[in-house]
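Numbering (the numbering used here), first residue to last: 4 to 222.
Written out as structure tokens, the structure reads:
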């Protein structure tokens, strides 16, 4: 019971942390009464086995492809990295073709904030616009969501004679963190809804003995 409760709390946290901008798909709700998380970071069963990862081919965006691909593959997703969104749409219109989901990442950018003092405090923010197209329970789902990750560190320019190597390491961490956030959202879309369990909290009475009260779920 504790493991199931923890799983549903983690799934709910994923949905709360990632605001959803657009959700389309009849009969599909990501804010339902709960989800069952079946071994995250382990292979999962998705409605669509293949997913095209579509990332802009530039110096800022391209480094995201490897960590995102690795995280998706660890969940059992077969990643396709040589298709455009138009290719995916064309494939899915073909009769009898195996459906392909897509994750499109656009407008990857960094923003750097500096607070100068004895040491320079630097806050590095990485943002991207992410769109998902997949199928859940036979229904098409489209989700578009801006995602942002950030990290702060201190930089002593007087003691550093070369480039800001710590800043380079932070950028690597941000790419991996963004890949994790994108994967979290993709998992949240695919999680099956489960009915909430009937709660039976223990109530202490005036004589010190314990009793149970059954609380019926609200309709």
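Think of the CB as a built atom: it goes at the ideal place given N, C-alpha and C, for glycine as much as any other residue.
In whole angstroms, give me the CA-to-CA distance for residue i and residue j.
i: residue 176; j: residue 183; result: 11 Å
i: residue 144; j: residue 97; result: 19 Å
i: residue 174; j: residue 130; result: 12 Å
i: residue 180; j: residue 95; result: 31 Å
i: residue 192; j: residue 79; result: 15 Å
i: residue 157; j: residue 186; result: 29 Å
i: residue 106; j: residue 120; result: 41 Å
i: residue 30; j: residue 124; result: Bear in mind that a pLDDT of 35 at residue 30, under 50, signals an unreliable position, so the number given afterwards is only what the model happens to contain. Roughly 48 Å between the two C-alpha positions.
i: residue 134; j: residue 188; result: 10 Å
i: residue 169; j: residue 76; result: 29 Å
Round the Cβ separation of residue i and residue j to the nearest angstrom and send it over; I've been treating them as touching at under 8 Å.
i: residue 51; j: residue 147; result: Contact flag wrong, Cβ pair sits at about 18 Å.
Keeping to the same chain, check which residues put their C-beta closer than 6 Å to that of residue i; ignore five residues upstream and five downstream.
i: residue 114; result: 128
i: residue 116; result: 126
List the endpoints of the continuous alpha helix (DSSP H) containing residue i.
i: residue 76; result: 68 to 77
i: residue 187; result: 168 to 193
i: residue 82; result: Counting along the chain, residue 82 falls outside any alpha helix (DSSP H), though it belongs to the beta strand (DSSP E) covering 81 to 83.
i: residue 90; result: 88 to 96
Would you list the one or two residues that DSSP bridges to residue i?
i: residue 129; result: 113 and 152
i: residue 104; result: 54
i: residue 302; result: Coverage of the chain is limited to positions 4 through 222, which leaves residue 302 absent and any answer about it impossible.
i: residue 138; result: 143
Keeping to the same chain, check which residues put their C-beta closer than 7 Å to that of residue i; ignore five residues upstream and five downstream.
i: residue 152; result: 129, 177, 180, 181 and 184
i: residue 58; result: 64, 65, 67, 68 and 108
i: residue 102; result: 51, 95 and 138
Quick one: residues in its chain with C-beta nearer than 8 Å to the C-beta of residue i, no 5 flanking neighbours on either side, listed in chain order?
i: residue 141; result: 50
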